[in-house]
Every structure is written in C-alpha cells, then in structure tokens.
Amino acid sequence: MTIVFGVFLLTLMLITAFAIVRTPNLFVAVMLTGIFSLLLASNFFLLDAADVALTEAAIGAGISTVLFLGALALTAERETAPSSNRFIALVVVSVTILAVVYATFDKPRFADPAAPVHQHIAPWYLETTRDAIDIPNVVTAVLGSFRGYDTLGEVFVVYTAGIGVLFLLGKNTGRRRDKPDDAARGLRHYLIPRMVGRMLIPFILLFGFYVQFHGEYGPGGGFQAGAIVAAAIILYALLEGENRALKVLPRGLLTGLIAGGALLYGAVGVVGILLGGNFLDYSVLSSDPVLGQQLGILLIEAGVGITVTGVLLSIFHAFAARGRF
Amino acid sequence: MELLGLYYYWVFAILLMTGFYAVIAKLNLIKKLIGLSLFQAAVFLLYITMGKVEGGTAPIITQGSGEQLFSNPLPQVLILTAIVVGISTTALGLGIVVRIKEEYDTIEEHEIQEIDRK
Chain A
1 MTIVFGVFLL TLMLITAFAI VRTPNLFVAV MLTGIFSLLL ASNFFLLDAA
51 DVALTEAAIG AGISTVLFLG ALALTAERET APSSNRFIAL VVVSVTILAV
101 VYATFDKPRF ADPAAPVHQH IAPWYLETTR DAIDIPNVVT AVLGSFRGYD
151 TLGEVFVVYT AGIGVLFLLG KNTGRRRDKP DDAARGLRHY LIPRMVGRML
201 IPFILLFGFY VQFHGEYGPG GGFQAGAIVA AAIILYALLE GENRALKVLP
251 RGLLTGLIAG GALLYGAVGV VGILLGGNFL DYSVLSSDPV LGQQLGILLI
301 EAGVGITVTG VLLSIFHAFA ARGRF
Chain B
1001 MELLGLYYYW VFAILLMTGF YAVIAKLNLI KKLIGLSLFQ AAVFLLYITM
1051 GKVEGGTAPI ITQGSGEQLF SNPLPQVLIL TAIVVGISTT ALGLGIVVRI
1101 KEEYDTIEEH EIQEIDRK
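Protein chains in written order, with this note's numbering: chain A, 1 to 325; chain B, 1001 to 1118.
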C-alpha cells in the first residue's frame, strides 16, 4: 500500500517538475516549487526519514518560496526569451536518462535489506547509539556526535553563504525603492490575515523551540528548528512590516547570532580538547561519558539552531531591504 | 513488483535531468536556479530512497522496540544538512542574480552577453 502511495506522489512530482520547467511565468514556477517541495517532504516521510521531511517542509516549501518571491520582486516575473539550443539539450538529457535507467537494473531493489548501503557502518551506528549516547533519535546522535565534524563544516557553509548574501546585498547601493512606505506597512491594513497571522506566530515559535529541544527524542534538531523560528519571524515581518520585525531582532543582533552559533559549536569542540579529550569529543564534558555526550549534542544543536535562524533572517532582510516586498 | 521497485530510481533520473535541462537550455537566470534546486531535490530523493529498509521504521529507538528494524540513519543525516546548505547557496545565487539585474537591467543570459560584447 505504501509503495502505491509513493508511486502516486512520485508521479505528481514529475508532473510538477515538467510544469515548472515549461511555464514562462516565473511566479507560477516558484509557486509550483513550493508544491514540489511539499510532495518531496511527504515522500521522505513515506521513506522513514521523518527528520528530513520536517526540514524539507520547513525550508523547501516555506523559506525557499519566500526567498524566490523576494528575488522575483527585484527582477522580472516573466521569461522573455525561449530556450536556446533546445534540440541539443533535449538529446543530452534523454541520453543521460536512458543511461541512468539502464544502470538502475544493476541496483539493489527498492528497500532491499541486503543492499550494500545497509551492511557497512549503519548497523554500528544503530547499535552504538544505545550504549554510548543513549538518546532515542539515531539521526540526531549521528548528526551531533558521530559525525560532528561534518555538521560543523555544514554550519560554516551556511555561515559563509549568509555572509556572502550580506556582502552582495547588504549595502543599499541600488536605486531608491519606488514606494518606501509599502514595505514598512506590510499587511497591516488587511484585518483578517493580520489577526490570524498574529494568533499563529506564538504557536509557530513554540513549535520551533519544541523541535529544537525535543530533537534528541523525536524528529527535530537545530536545522529544522532554526528554519521554523525564522519562518515565524518572517511571517511577522510580512504582516507588520519589515521595520517592526527589525525592531524585535535588529540587524546587528542577527549578525551576532550568525557568528555566535558557529562559535558556540566550535567552542564546545575546543572545551573538549581543554578537558583532555579530542576535538568535538563530548564524553569529557561531564563525569559520566553518556551524560557528557547528551550535553554536547544539546549545546551544538543550540549552536546550529542559532546560526540557521540568524542566516535565514539576515538573507530575508537583505532581499526585503532592496525593494518593496 | 520487480519493476515497481525501480520506479523511485527512474523518477530520480528524470527529475535530475529535468532540472539539468532547465540549467542548460533556459536563458533566464532565475529559471536556471530553479532548475538547480530541482537537480538537488533529485539527489536528495536518491539518497533517502537508498536508506529505506523493507519493513523498517524511522530510526528512533523507543522503549521496548527491541528487535525492531530501522531504516538507515546515515543518508538521512547527510541529506538533512544538505537541504539547509542548499537553501543557503540558492540564496547566494539569488543575491548574485539581483546584483546582475541592477547592473545590466536584465536577467536573460543572451542579453547580458550582448551587453558584455559591446
């Protein structure tokens, strides 16, 4: 039954993807990407990846759509020219599809427990998590502790991208915006969206913090929580105008959050060295190694959440400040 | 059933190339970025598909789950972080497109090349 539903979702995804590429209206294309992300998230959920589904729903369907719309407001809403070299592109694409499809016949069948992927290190993670870290969510354990280096690297990539956007768009060198009050006003004059939105924001924030601090026990963690908290504040900015949102979290504070989260993550690693362990070895953080691991994961997840919130909000404000939203 | 098991991989291949087609054939820079995120999404789908185990469940160990079968957590960890990194790099790309629009007053590739040639 699950596989039938999966096939249904995949087919919908294919149709959406074709529509995205075909439509010359970029606004339609961006809206369809939101739908595509939601379908992808449902598919991840069917494939037992609850954490990933949560991330994709928050980021792909939520924040990415807002960012693309922000960019569209500053550029153009329609493609003006048809595709170039259409024939060659189609040939290249079709040949590659056929080659990949031919290769799939050698792949292990879908969900085969004997596939090589499941033989190497995954069982070790599943077994060791129980003894060494003792938190229910293995994904969080691998993310925070076993592969803490990877995650540190990813946090710094997010950090670098955030700084990059601030460099590109932070300074307002462009032309004056046409209507300076428009962005400031937001949706303040639309009663119903404003009231409903204001009622939703506390719950979104609460859910964000729940996802952050419950990440060890259920699906969740810093990446998802950061995106959800950022989404709540972006909603506030859309309803009440950008300036009010900046009053709550000023630009300086956001920059501080970007650096602070990454620093907190790195600092946990350095404290590990100072206490006589290895970099990002949390066992030495407490007299009980298992407790130390849990404390370390809590701290680095907080660092991840802070950086992701800071980066996403800074990027949003950088786009919003360029023109009217 | 045998072929149904390969459907996920075929969808991966088609999605990947749909995104790639948008990158190479479309002239609009934002459309190219959308194509790039489709390409990314296809890769995410491939990884998560490979992590699935028949009869398994999400890798969250609960009390008394004893000999429960779990799906592979490792691809999930890789993709979880990749999604967040993906949106950050897309945002950077969009930032560059906005700056190009301000300098060239167009986001169509052939028009930008024409202006450059002058």
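Cβ coordinates follow ideal geometry from the N, Cα and C atoms, glycine included. Since this is a predicted model, take the numbers as computed values, not measurements.
Problem - Limits of the unbroken alpha helix (DSSP H) element including Gly-1050(B) - result: Within the second sequence, residue 1050(B) is the residue found at index 50, counting from 1. Note that residue 1050(B) is Met in the sequence shown here, rather than Gly. 1029 to 1051 is the span of the alpha helix (DSSP H), which, as asked, contains Met-1050(B).
Counting only beta-carbon atoms, is Asp-131(A) nearer than 7 Å to chain B?
Position 131 of the first sequence holds residue 131(A). So, not an interface residue.
Under 8 Å, with one C-beta from each stretch per pair, do the stretch 1036 to 1052 of chain B and the stretch 1016 to 1025 of chain B reach the 3-pair mark? yes
Next on the checklist: Just list the residues that DSSP pairs Arg-78(A) with in beta bridges.
Outcome noted: The residue given as residue 78(A) occupies position 78 in the first sequence. Answer is Asn-25(A), bridged to Arg-78(A).
*asked:* Against chain A, with Cβ distances strictly below 7 Å, would Phe-1099(B) count as a contact?
replied: If you number the second sequence from 1, residue 1099(B) lands on position 99. Phe is not the amino acid found at residue 1099(B); the sequence shown has Arg there. It does: the Cβ of Arg-1099(B) has a partner Cβ on chain A nearer than 7 Å.
- Item | Assigned secondary structure, Glu-240(A) (DSSP; H/G/I helix, E/B strand, else coil) | In the first sequence, counting from the first residue as 1, residue 240(A) sits at position 240. Note: Glu-240(A) maps to helix in three-state DSSP.
Query - Under 8 Å from the C-beta of Tyr-1008(B): neighbouring residues of chain A - result: Translated into positions along the second sequence, residue 1008(B) becomes position 8. Result: Gly-6, Leu-10, Phe-110.
Next item on the list: Please state whether DSSP places Phe-319(A) in a helix, a strand or coil.
Entry: Taking the first sequence and counting its residues from 1, the one referred to as residue 319(A) is at position 319. The answer is helix: DSSP assigns Phe-319(A) an H, G or I state.
So is Asp-1105(B) buried or exposed if we call it buried at 16+ other beta carbons inside 10 Å? Taking the second sequence and counting its residues from 1, one reaches residue 1105(B) at position 105. Answer is exposed; the Cβ neighbour count stays below 16.
| said: Please state whether the Cβ-Cβ distance between Ala-1091(B) and Ile-228(A) is less than 7 Å. | reply: Start at 1 with the first residue of the second sequence, and residue 1091(B) comes out as number 91. Start at 1 with the first residue of the first sequence, and residue 228(A) comes out as number 228. Contact flag unset, no.
### Query
Ends of the alpha helix (DSSP H) at Phe-207(A)?
Along the first sequence, one-based indexing puts residue 207(A) at 207. Segment 191 to 213, the alpha helix (DSSP H) holding Phe-207(A).
Straight-line Cα distance separating Pro-123(A) from Ala-296(A): Counting from 1 along the first sequence, the entry for residue 296(A) is found at position 296. Counting from 1 along the first sequence, the entry for residue 123(A) is found at position 123. For the record, residue 296(A) in the displayed sequence is Gly; it is not Ala. Straight-line Cα distance between these residues: approximately 23 Å.
- For Thr-1057(B), which residues does DSSP report across the bridge? Position 57 of the second sequence, counted from the start, is the residue given in the question as residue 1057(B). DSSP, once it has assigned bridges, lists Phe-1070(B) as partnering Thr-1057(B).
Handout entry: Pairwise C-alpha distance: His-120(A) and Ile-201(A)
Key = Position 201 of the first sequence, counted from the first residue, corresponds to residue 201(A). Position 120 of the first sequence, counted from the first residue, corresponds to residue 120(A). So the two alpha carbons sit approximately 44 Å from each other.
task = Determine, using beta carbons only, whether Glu-77(A) and Leu-152(A) come nearer to each other than 7 Å.
result = Here residue 77(A) corresponds to residue number 77 of the first sequence, with the count starting at 1. Here residue 152(A) corresponds to residue number 152 of the first sequence, with the count starting at 1. One thing to note: Glu-77(A) has its Cβ no nearer than 7 Å to the Cβ of Leu-152(A).
Three-state secondary structure (DSSP) of Asn-278(A): The residue you call residue 278(A) lines up with position 278 of the first sequence. Three-state DSSP puts Asn-278(A) in coil, outside helix and strand.
*asked:* Between Glu-1114(B) and chain A, is the shortest Cβ-Cβ distance under 7 Å, so that the two count as touching?
replied: Indexing the second sequence from 1 puts residue 1114(B) at position 114. No - not a single Cβ of chain A is within 7 Å of the one on Glu-1114(B).
Query raised in the report: What residues of chain A sit near Phe-1039(B), judged by a beta carbon separation below 8 Å?
Result: Position 39 of the second sequence, counted from the first residue, corresponds to residue 1039(B). Per Cβ cutoff of 8 Å: no residues; Phe-1039(B) is ~10 Å from chain A at best.
- Query: Is it a yes or a no for the stretch 239 to 249 of chain A touching the stretch 274 to 281 of chain A, going by three-plus beta-carbon pairs under 8 Å?
  - Reply: no
(message) So for Glu-154(A), helix, strand or coil by DSSP?
(response) Here residue 154(A) refers to the residue found at position 154 of the first sequence. Correct three-state label for Glu-154(A): helix.
Classify Ala-103(A): buried if its beta carbon has 16 or more other beta carbons within 10 angstroms, exposed otherwise. One-based indexing of the first sequence puts residue 103(A) at position 103. Exposed, since its Cβ has fewer than 16 Cβ neighbours within 10 Å.
Requested in this report: Measure from the C-beta of Leu-126(A) to each C-beta in chain B and report whether the shortest distance is under 7 Å.
Outcome: Looking up residue 126(A) in the first sequence gives position 126. Yes, because at least one Cβ of chain B sits closer than 7 Å to the Cβ of Leu-126(A).
field: Given Thr-1049(B) as reference, the closest of Met-1(A), Ser-83(A), Ile-15(A), Gly-6(A) once Cα atoms are compared
entry: On the second sequence, residue 1049(B) is found 49 positions in, with the first residue counted as 1. The shortest Cα separation from Thr-1049(B) among Met-1(A), Ser-83(A), Ile-15(A), Gly-6(A) belongs to Gly-6(A).
Please report whether the beta-carbon of Gly-1093(B) lies at a distance below 7 Å from any beta-carbon of chain A. Sequence index remark: in the second sequence, residue 1093(B) carries index 93 (1-based). Between Gly-1093(B) and chain A, the shortest Cβ-Cβ separation is not below 7 Å.
Between Tyr-1104(B) and chain A, is there a C-beta pair that is closer than 7 Å?
Stepping through the second sequence from its first residue, residue 1104(B) is reached at position 104. So no, Tyr-1104(B) is outside the interface.
Identify the contact partners of Gly-1036(B) in chain A, using a Cβ-Cβ distance below 7 Å as the criterion.
Your numbering for residue 1036(B) matches position 36 in the second sequence. In the sequence as displayed, the identity of residue 1036(B) is Leu instead of Gly. The contacting residues do not exist; Leu-1036(B) stays about 11 Å from chain A at best.
- prompt: Using a beta-carbon distance below 7 Å, is Leu-1003(B) in contact with chain A?
  reply: Within the second sequence, numbered from 1, the residue matching residue 1003(B) stands at position 3. Cβ-Cβ to chain A under 7 Å: no for Leu-1003(B).
ask   = Below 7 Å between beta carbons: does that hold for Gly-1051(B) and Gln-1068(B)?
value = On the second sequence, residue 1051(B) is found 51 positions in, with the first residue counted as 1. On the second sequence, residue 1068(B) is found 68 positions in, with the first residue counted as 1. In this structure, Gln-1068(B) does not lie closer than 7 Å to Gly-1051(B) by Cβ.
| task | Just mark Met-13(A) as buried or exposed, buried being the case when its beta carbon has 16 or more other beta carbons within 10 Å. | result | Translated into the one-based positions of the first sequence, residue 13(A) becomes position 13. Classification of Met-13(A): buried, given that the 10 Å Cβ count is 16 or more.
Practice prompt. Using three-state DSSP, classify Asn-137(A) as helix, strand or coil.
Written response: Your numbering for residue 137(A) matches position 137 in the first sequence. Note: Asn-137(A) maps to strand in three-state DSSP.
Practice task
Determine which residues share a DSSP beta bridge with Glu-1108(B) and list them.
Solution key: Start at 1 with the first residue of the second sequence, and residue 1108(B) comes out as number 108. Per DSSP, Asn-1028(B).
| said: Beta-carbon within less than 8 Å of Arg-1117(B)'s beta-carbon, same chain only, minus the 5 sequence neighbours each way: which residues are those? | reply: For this step, residue 1117(B) is matched to residue 117 along the second sequence. Counting only Cβ-Cβ distances below 8 Å, and skipping sequence neighbours, we find nothing.
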